[in-house]
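Residues 837 to 976 in my numbering are what the sequence shown lists, from first letter to last. Ideal Cβ positions, reconstructed from N, Cα and C, are used throughout, including at glycine. Only a predicted model underlies this, so the values are computations on that prediction, with no experimental measurement involved. Read through the structure below, which is laid out as structure tokens, and then see the notes.
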Amino acid sequence: MKIFDIIDISGDVGIRAFGKSIEEVFKNSAIGMYSLITDLEGVKADKNISISVESNSLEGLLVSWLNELVFQFDTYNFIGKDITISAFSIQPSALKAEIRGEEFDTERHERKLLIKAATYHRLKVEKAGDVWQADIIFDI
């Protein structure tokens, strides 16, 4: 199963992430977002960071999760490659994750898109048959 598709939106970009579980959709959403920033094949998994986010809804949790990763990139130049979600709950909506990656290096990493934020525009998290999917649009 593919983990995400790119959604073209006039002036912005988005992804549709897939997973066999809701946790996998959150993980694949992050991988998809990171893939919009750079080619992940060139990223090393040398550094480990821990992330915890909470929200009042599943959709809000997805936006908070991805925006925390954008914050880590903007503030610390951290680009993730491998993600392990260690705790996840739907009610209340919360997750904890370990992300392995490295500092973005313009000498080694090609910059594709500058992602400003994950948005609520056309946001959708749902189960379709046996597969979970999430649509998320990014402000670029």
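- For Gly937, the enclosing beta strand (DSSP E) starts and ends at Ser929 to Glu939.
- Between Ala853 and Ser865, the beta carbon gap of about 4 Å places them in contact (Cβ cut-off 8 Å).
- Here Leu894 has Ile926, Ser929 and Val961 as same chain residues with Cβ atoms under 7 Å from its own Cβ, once five neighbours each way along the sequence are excluded.
- Ranked by Cα distance from Thr874, the options Lys917, Leu902 and Lys863 are led by Lys917.
- Annotation: the continuous beta strand (DSSP E) that includes Asp844 extends over Phe840 to Ile845.
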